[in-house]
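Chains as they are written, first to last, in this note's numbering: chain G, 269 to 678; chain W, 370 to 485; chain H, 70 to 545.
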Amino acid sequence: MFEYDVVVIGGGPAGMAAAIAAYDSGAKTLILERDVRLGGILNQCIHQGFGLHYFKEEMTGPEYADRFRKEVEKRGIDVMLEAMALSIGEDRTVTALSPEHGLVKAKAGAIVLAMGCRERTAGAIALPGTRPAGIYTAGMAQKLCNIDGFLVGKEVVVLGSGDIGLIMARRMTTEGAKVKLVLELMPYSSGLKRNIVQCLDDYGIPIKYSHTITRIVGNPRIEGLYYAPVGADRKPILEKEQYVNCDALLLSVGLIPENDLINGSGVEMSPVTNGAAVDENRMTSLEGVFSCGNVLHVHDLVDNVSEEAGIAGSAAARYAKGELKCDECVNVTAKEGVRYALPQRVNRGEGKVRLFFRVDNVYKGAKLVVESGEKTLLNRKFQVLAPGEMGSVDIEKSDICGDIVVRLEK
Amino acid sequence: MNTICIMCPMGCGLEIEKVGDEIRVSGNTCKRGEAYGKAEFTHPVRTVTTLVKLEDGSVASCKTDAPVPKERVSDVVAYIGSLTLDKNVKIGDRFHAYLDGLDTDIVITGTPTSGC
Amino acid sequence: MEKFDVTVIGGGIVGTAVLDRLSRYQLKALLLEKCDDVASFTTRANSGIVHAGYDCEPGTLKAKYNVLGNPLIWKEAEELDVPHLKCGSIVVAGEDGLDGLKELERKAKANGVEVKILDREETLKLEPNVADRIAYSLYAPTAGIVSPYQMAIGYADRAVSNGAKIVLEAPVTEIRSKDGEYILSTPKGEFSTRLVINCAGAHGADINDLAGAEHFETTYRRGDYFVLDSTERKNVNTVIFPLPTAAGKGILVAPTADGNVIYGPTAIDTNDSEDVASSLDSLDVLRASVPLTYKRPAFNKCIRVYSGLRTLIEHDFVIGKSKLKENFIMAIGICSPGLTSAPAIADEVLSMAKETLHAEKKAEYVTVMPRHKRMKELSEEEIEKLIAEDSRYGRIVCRCEKITEGEIVDAIHSPLPATTVDAVKRRCRAGMGRCQGGFCGTRVMQILSRELNIPLTKVNKGLGANIARYRVKEVE
């Protein structure tokens, strides 16, 4: 039996930042990482665009991971690689499986969940047609390409305009494939605007909004697919079906927090984020269990993940030492145009709290309103708000005088 | 011309016009955006990220240490594609790219075993 | 040319079960399979239901073999260590459906199958999530679920362990007679055999034609299914059927032996023996039909869609010796309840084969196969011990299903080796969970590449289609 103040589950960007913050707050800390190295998905994100906020410097994913990895090493934080957490016991004992240590039991003063997210699959969207080789999530194609050095096809269609899909459209093009088409079910992109510009427009790759796939063709390998525009009900208009040849289809149709470890364990979950409901310290409804990064809610920027994980890690260390004050909480609710706001609870007290939010559609010139009880804490106009981009606003805890509502005024 | 700034995830809509000898950028919310707008108007540049072969058959990721003219991106990719590097390269290793009219270094950003 | 006493054509559930029977006799037995693994077509895509046998028309072969097969498949799933659960089935009906249930009860009595008609209250005790309109059900306690592909793989493994030979990727392209024997041509070479047993599933009638045996017209009925996340398993206890119609047993809601839930199949008539593409309209039929019997449909928990093909020849199974060709046995047109019937059909085919081959039983043969090491099923002490012996059992590759490298390596080196990503998946579930191999797919490929000593570009998903297609920097 191992004993730690803080056990961090996951050694990607969130886990490393949380572990560093916990260590720096004086906690004896362990990272359990299921892969052979730290860094998580960053290791396969070889494009630029990371670190501008956090390090004030633009770098690639592996470089961003390397910075944190070196900080972990410098501190001598314990890391167990190839260790997959299987369960969390009632006394905060984490059970993990590892080829080196066998069944690992680590008793923790506090636990930080940092398991990241997984991609929605062809099955999850009930993609009709055959089920041949050649259909991959964008992330799997990215790993095969950037880590293993193999391309999955030469004539590619991308379904969904999530950031990984857009990034992979450019990657595949750079490596000699022809990306014929990007199809997006919604009338807008779910990825960042700049990725539309630098990944698609730069290479003349067409994107068709309000379109979806109606049938996959080919067995045992994909040969092509039919697609059609969708109506207001998002159902395909079959009379307008068209065909395109392809030897690979990449899916970028959403990310889902990987909460298998706590699903069904009684931890209060948000049905919108698919992550735990947390307070501003990122503590879940289960005392001493914290959550951060993409396992809490899917971020568009790793910089925000690092920041959030820092909050969770230091709070976990304080909890383990019995120093974390949990005062009376107010609830934070998203309404009218705001899909979710996080944290879902805020402790009363002193200091600033940053509220993160996502909207449910593209809004131009809308006002974000934050109310607490009868009081309006904030009323800010945004030029553009889009579902693909997470927003944030700061509020003062001392202003709180009741449950908080975050909503849009059009 | 109108474009969207790619310098950070904000994605500001830029309006760029030439007034006399001066190039004016509006819609940006920071200095990087202004510089990007000007470059995009006169001579757009991009940082190239790609893979480079190692002698053991694996690949390492790499980038240009500074943005290169957009029309040279494919030249740079082809040049990097022609290389085979020592299998022990490390993150941060750099080597000069011998390409006509370009003065850029290639920087290793990740290796198959970094962090293992 | 290698000579065999008996050759089974087709490695589905029937062909593998037949080979399993033959392998216990002093015979040179061969199975030729078109695909790169057994259980690759009809057997891999059906409902996985062990039917009780109440709905088959009394007096038919379907009724006979279903009723005989039911206890056999429970026993053999145990012997072969294949996931199964005798959870019972219910046919549910509204107020107007009692007559239909009584008709089934009458058939059940004629077939000798135990059933009981339950009212709503009794039904709810068994299955709390039946739809609100459900007033009655017909409960069959001997029904349940089994993994259909693992059953076939189990038969194949046992047959190989007992000395039978299986040649994969060997579609039979020509059958000719020479000196009282058959010569079977395949891309893997020619094989001579005294006796042919046609278990070729969707291509059963084609094989008959190749041999010059009885000609049959074949039609097909495609069925699409949803597979739900294992988190839905807790909501379903039994196999829930609607009242059957002319098109079949209807759209069921059932747990799977692997711990998921399925909704399906639809019934779409087709003449295409390769039509396994699901369609938008068919999936919409599922979305509309499931709520009629089950009140907690969770289409948003879907992890996969699949479709299977039922092969229909005449109105019943075709089992027997050819009257046109000597030493040619047929077990074709095996649609539902083919899985349940397979062990009984195999026994019948064996007795026909023995009339020709006059073989003695081997002095020794395996009946109970070694248990698979499934980390999920082991105690902590057993896990510790296993990892101490072989650390690969401590390395989880498939995160969703918690499948270790050790289990994957075991699958690759099983008696009938798994040589593709799909074959590994069918044997040990790696890649069968909610991420559908998104994380572990490349790891499984690397393990296959290492264990089979082939480059990554030669590792196939299945059926000859690779995944890592081109090396970067070598793309033209």
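Virtual Cβ for every residue (Gly too), placed ideally from N, Cα, C.
Our contact map puts G428 (chain G) next to S520 (chain G) with C-beta atoms below 8 Å; I'd like the distance itself, whole angstroms only.
4 Å
Kindly provide the ranges of any beta strand (DSSP E) runs that are 3 or more residues long and lie completely inside the segment 574-633 of chain G, ordered along the chain.
Within the segment 574-633 of chain G, complete beta strand (DSSP E) segments of at least 3 residues are found at 597-602, 606-610, 613-615 and 620-627, given in chain order.
Please classify E145 (chain H) as buried or exposed, where buried requires at least 16 other C-beta atoms within 10 Å of its C-beta.
buried
DSSP three-state call for I222 (chain H): helix, strand or coil?
helix
Counting beta carbon pairs with one atom in the segment 577-590 of chain G and one in the segment 662-677 of chain G, are three or more of them shorter than 8 Å?
no
Would H479 (chain G) count as contacting chain W if we go by Cβ distances under 8 Å?
no
What number of angstroms, rounded off, separates the C-alpha of A585 (chain G) from the C-alpha of V421 (chain W)?
Taking the straight line joining both Cα atoms gives about 42 Å.
Counting only the same chain and skipping the five closest in sequence on each side, list residues whose C-beta sits under 6 Å from that of Y224 (chain H).
T85, A86 and D89
Which value, in whole angstroms, describes the spacing of the CA atoms of R337 (chain G) and C413 (chain G)?
23 Å
Contacts that K411 (chain G) makes with chain H (C-beta to C-beta distance below 7 Å):
T511
Is it a yes or a no for the segment 227-239 of chain H touching the segment 95-106 of chain H, going by three-plus beta-carbon pairs under 8 Å?
Taking 8 Å as the limit for Cβ pairs, the verdict is that the segment 95-106 of chain H does touch the segment 227-239 of chain H.
Name, in chain order, the residues that DSSP records as bridge partners for C385 (chain G).
DSSP output for C385 (chain G) lists G:P525 as bridge partner(s).
Whole angstroms are fine: how far does the CA of A422 (chain H) sit from the CA of S261 (chain H)?
16 Å
Using the beta-carbon of each residue, which ones in chain G are nearer than 9 Å to C485 (chain W)?
V304, R305 and L349
Kindly say whether G319 (chain H), judged by its beta-carbon, lies nearer than 8 Å to any beta-carbon of chain G.
no
Can you give the Cα-Cα distance for K632 (chain G) and R675 (chain G), rounded to whole angstroms?
15 Å
So, with DSSP's three-state summary, where would you put G499 (chain G)?
coil
Output the boundary residues of the alpha helix (DSSP H) element that contains V362 (chain G).
Note, V362 (chain G): premise wrong, no alpha helix (DSSP H); beta strand (DSSP E) at T361 to S366.
How would you call S206 (chain H), buried or exposed, if buried means at least 16 neighbouring beta carbons within 10 angstroms?
buried
Taking only three categories from DSSP, how would you classify S429 (chain G)?
coil
Check the Cβ of A271 (chain H) against every Cβ in chain G and list those closer than 9 Å, keeping chain order.
Neighbours of A271 (chain H) on chain G: none; closest Cβ ~13 Å, over 9 Å.
Considering G317 (chain G), what are the terminal residues of the beta strand (DSSP E) in which it resides?
For G317 (chain G), the uninterrupted beta strand (DSSP E) segment begins and ends at Q316 to F318.
Name the chain B residues whose beta carbon is nearer than 8 Å to that of K494 (chain H)?
The chain labelled as chain B is not found among the protein chains of the depicted structure, namely G, W and H.
Top-ranked residue by Cα proximity to D455 (chain W), from W:M376, W:E384, W:T411 and W:T480:
Each of W:M376, W:E384, W:T411 and W:T480 was checked against the Cα of D455 (chain W), and the nearest Cα belongs to W:T480.
Between the alpha carbons of K649 (chain G) and L636 (chain G), how many angstroms are there, rounded?
6 Å
Output the distance between the C-alpha atoms of S391 (chain H) and G402 (chain G), rounded to the nearest integer angstrom.
42 Å
For V304 (chain G), count neighbouring Cβ atoms within 10 angstroms of its own Cβ and tell me buried if that reaches 16, exposed if not.
The residue is exposed, with fewer than 16 neighbouring Cβ atoms inside 10 Å.
Beta-carbon proximity of E555 (chain G) to A545 (chain G), cut-off 8 Å
no
Quick check on Q510 (chain G): does DSSP put it in helix, strand or coil?
Reduced to three states, the DSSP call for Q510 (chain G) is strand.
Cβ of K471 (chain H) less than 8 Å from any chain G Cβ?
K471 (chain H) counts as touching chain G.
For G561 (chain G), which of helix, strand or coil comes out of DSSP?
Helix, per DSSP.
Pair within 8 Å by beta-carbon distance, I382 (chain H) and F285 (chain H):
Yes, the Cβ-Cβ distance between I382 (chain H) and F285 (chain H) is below 8 Å.
Using the C-alpha atoms, what's the distance from C381 (chain W) back to A583 (chain G)?
35 Å
Since R616 (chain G) and E596 (chain G) are thought to touch, with beta carbons under 8 Å apart, how far apart are those beta carbons, to the nearest angstrom?
Going by Cβ atoms, the distance from R616 (chain G) to E596 (chain G) rounds to 5 Å, so yes, they are a contact pair.
By Cβ distance below 7 Å, which residues in the same chain neighbour S366 (chain G) in space, the five residues on each side in sequence not counted?
Excluding its 5 nearest sequence neighbours in each direction, S366 (chain G) has C-beta neighbours in its own chain below 7 Å: M348, E350, A351 and V372, listed in chain order.
Of the choices H:G292, H:I203 and H:I388, whose alpha-carbon is the least far from that of I337 (chain H)?
H:G292
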